[in-house]
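Chains as they are written, first to last, in the working numbering: chain A, 31 to 105; chain B, 18 to 279.
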């Protein structure tokens, strides 16, 4: 396999990470809603934590995007 | 090949080009030409100044504009008070400027001014810009932490109740997680903005080359893609807000570490 093809394949494989991160982000919001519907009174105070969880899950997906971009344009 | 001619380069929108001043304006070997990035930073600052200035009339019964500005300052104030406590009040100016500047930058970059031939430039999609913003937050954390606690600031790296055997290991793990904070902060904003704009550009290239290919592909490809683009645009507006919020929220959490230790 020549190097160019390997780079493109690697960039494509990195997209799996983006898909997995979408599972994570979905999980964060799903669990928040689950909890919020059981106890709506406590929901508003937890929104900050919701977004911290969202940010952490999202960052890992964005890292896979960075890997793909680096493979395509830098490496 | 018709498809080859209509190829859109999705990365072109991120190129920095000098607008005023030529290639040979240099200070100490660095080019200081006035670029499109600098222009949009200036526009964001002016728009932000106008927005806040319009709400500074300090009427007893606030009008709509004053309400808009005050709801933003109140939002940041509440966030800092919830995360840091009473000591958080003095960071409101910094975090408010940070939040509003990023928000305005993200939204200005999404404006459809391309219709009038002006191409919006999202400077938050550049690591240099977000990196400097993140370093600013990080250095505030360091300065406040060391000024307030001196060398006790290092106790941040050893949580309460850590067994003595684990201390060296925990120290380095916590130190590493502390040191990557500016990178993760900057990376999140820049990649999120860049990915969104890339996606819009790729979808628009589908629309353009599908349209050029004839009526058959127009119906099958162009219409669904265009509808998707409208949806993604709405999503991008949401992301612009969320990313600005997350940046401000994480900054306030990091300042909380410096202010209160653990």
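Virtual Cβ for every residue (Gly too), placed ideally from N, Cα, C.
This one's a predicted model, so the numbers in the text were calculated from it and none came from an experiment.
Exercise for the section: Could you name the residues of the segment 83 to 105 of chain B whose beta carbon sits closer than 8 Å to any beta carbon of chain A, in the order they occur along the chain? Expected result: 96, 99 and 100
Exercise for the section: Enumerate in chain order the residues of its own chain whose CB-to-CB distance from residue 191 of chain B is below 8 Å, with the five nearest sequence positions on each side excluded. Expected result: Sequence-distant partners of residue 191 of chain B (beyond 5 residues in either direction) whose C-beta falls short of 8 Å from its own C-beta, in its chain, are 173, 174, 175 and 176.
Practice task
State yes or no: is the beta carbon of residue 85 of chain A nearer than 8 Å to at least one beta carbon in chain B?
Solution key: yes
Practice task
Name the residue from A:43, A:36 and A:55 whose alpha carbon lies nearest to the alpha carbon of residue 85 of chain A.
Solution key: The shortest C-alpha separation from residue 85 of chain A is found at A:55.
Handout entry: Contact belief for residue 242 of chain B with residue 231 of chain B at Cβ below 8 Å, rounded distance in angstroms
Key = Wrong, their Cβ atoms sit about 15 Å apart, outside the cutoff.
Practice task
Give a yes or no on whether the C-beta atoms belonging to residue 203 of chain B and residue 268 of chain B are separated by under 8 Å.
Solution key: no
Handout entry: Distance CB(residue 97 of chain A)-CB(residue 44 of chain A) smaller than 8 Å
Key = Yes; because the gap between Cβ atoms is below 8 Å, this pair is in contact.
Practice task
Flag this pair as yes or no: are the beta carbons of residue 273 of chain B and residue 100 of chain B separated by less than 8 Å?
Solution key: yes
Problem - Rounded separation between residue 200 of chain B and residue 151 of chain B - CA only - result: 7 Å
Problem - Complete alpha helix (DSSP H) runs within the segment 173 to 202 of chain B (minimum length 4 residues, chain order) - result: 184 to 196
Practice task
Go through its chain and collect everything with a Cβ distance to residue 207 of chain B's Cβ below 7 Å, but skip five positions before and after it.
Solution key: 141, 142, 143, 144 and 147
Problem - Helix, strand or coil at residue 43 of chain B according to DSSP, with G and I counted as helix - result: strand
Exercise for the section: Could you confirm whether any beta carbon from chain B is found closer than 8 Å to the beta carbon of residue 104 of chain A? Expected result: no
Problem - Reduced DSSP category for residue 139 of chain B - H, G, I as helix; E, B as strand; rest coil - result: coil
Exercise for the section: Mind listing the chain B neighbours of residue 78 of chain A? Cutoff is C-beta to C-beta under 8 Å, in chain order. Expected result: 96, 99, 100 and 266
Practice task
Have a look at residue 133 of chain B and residue 32 of chain A and give me their C-alpha separation to the nearest angstrom.
Solution key: 45 Å
Exercise for the section: Measure the CB-CB distance between residue 116 of chain B and residue 261 of chain B and report whether it falls below 8 Å. Expected result: yes
Exercise for the section: Sort B:255, B:59 and B:35 by Cα distance to residue 50 of chain B and report the nearest one. Expected result: B:35
Handout entry: For residue 280 of chain B, the nearest candidate out of B:183, B:77, B:79 and B:121 (CA to CA)
Key = Outside the displayed range of chain B (18 to 279) lies residue 280 of chain B, so it cannot be described from this structure.
Problem - Minimum C-alpha distance to residue 213 of chain B - residue among B:126, B:181 and B:195 - result: B:126
Handout entry: Listed by chain order, chain A residues near residue 201 of chain B by CB distance under 7 Å
Key = The contacting residues are 89.
Exercise for the section: Taking the CB atoms as reference points, tell me whether residue 155 of chain B and residue 163 of chain B lie closer together than 8 Å. Expected result: no
Problem - Boundaries of the beta strand (DSSP E) in which residue 35 of chain B is found, first to last residue - result: 35 to 37
Exercise for the section: Return helix, strand or coil for residue 230 of chain B, following the three-state DSSP convention. Expected result: coil
Problem - According to DSSP, residues forming a beta bridge with residue 51 of chain B - result: B:37
Practice task
Would you kindly work out how many angstroms separate the C-alpha atoms of residue 97 of chain B and residue 233 of chain B, rounded to a whole number?
Solution key: 55 Å
Problem - Cβ-Cβ distance between residue 118 of chain B and residue 61 of chain B below 8 Å - result: yes
Practice task
In the DSSP assignment, find the alpha helix (DSSP H) that holds residue 91 of chain A and state where it starts and stops.
Solution key: 77 to 99
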